[in-house]
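>
Residue numbers (the working numbering): 25 to 159.
1. Sorted by chain position, which residues of the same chain lie with C-beta nearer than 6 Å to residue 80's C-beta, five sequence neighbours on each side aside?
2. Rank 66, 135 and 140 by C-alpha distance to the C-alpha of residue 86 and give the top, closest one.
3. Quick one: what does DSSP say residue 91 is sitting in, helix, strand or coil?
4. Is the number of C-beta pairs between the stretch 68-80 and the stretch 37-57 that are closer than 8 Å three or more?
5. Considering only residues of the stretch 38-117, which uninterrupted beta strand (DSSP E) runs meet the minimum length of 3 residues and lie entirely inside it, listed in chain order?
6. Does residue 116 pass the burial test, meaning 16 or more other C-beta atoms within 10 Å, or should it be called exposed?
7. Might you give, ordered along the chain, the residues of its own chain that have their beta carbon closer than 6 Å to the beta carbon of residue 43, omitting 5 neighbours on each side?
8. Below 6 Å CB to CB, which residues in the same chain sit around residue 29 once its five sequence neighbours on both sides are set aside?
9. Evaluate residue 131 with the Cβ neighbour count: other Cβ atoms within 10 Å of its Cβ, from every protein chain shown; 16 or more gives buried, anything less gives exposed.
10. Using beta-carbon positions only, say whether residue 69 and residue 119 come within less than 8 Å of one another.
11. In the structure shown, what three-state DSSP assignment does residue 120 receive?
12. Suppose contacts are defined by Cβ-Cβ distances below 8 Å. Is residue 65 in contact with residue 121 by that definition?
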């Protein structure tokens with residue numbers, strides 16, 4: 025059963041669009057920060073660490089895939105992602121659930137922003153496609 029699920033998950037990733045991949049990364053970060061906060065509150069140090077390391081890995085991936093050609097936007101996102109990463113590192117060192125909660129909230133907000141941006145882009149493509157078809 026595990027192999028079937030893994031094959032399905034791999035196929036989902038390999039066939040996903042850029043915006044879908046981005047949302048999947050944020051879904052993971054939201055899940056890992058939530059799990060880390062819960063584990064931290066329960067004093068489960070190893071589980072807290074494991075989830076924080078996964079969330080940090082996602083942030084590293086996001087920072088590594090920023091397109092510097094987008095100018096100020098990429099720079100601003102890099103600062104946000106770097107701040108979140110720093111907070112998670114400090115939360116892991118200090119075992120501070122409030123720092124994890126802060127990043128969890130930021131991750132949820134960013135996920136929603138990216139979801140809306142993807143929807144707007146699809147709407148724009150659909151409108152452009154209808155306008156082009158009418159020419």
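Ideal placement from N, C-alpha and C gives every residue a C-beta, glycine not left out.
This is what the structure gives:
1. These residues qualify, in order along the chain: 109 and 112.
2. When each option's Cα is compared against that of residue 86, the closest is 135.
3. coil
4. The stretch 68-80 and the stretch 37-57 touch, with no fewer than 3 CB-CB distances between them shorter than 8 Å.
5. none
6. buried
7. 142
8. Note on residue 29: pLDDT 45, under 50, position unreliable in the model; the coordinate value appears next. Once the five neighbours on either side are set aside, residue 29 has no close Cβ partner at all.
9. buried
10. yes
11. coil
12. yes
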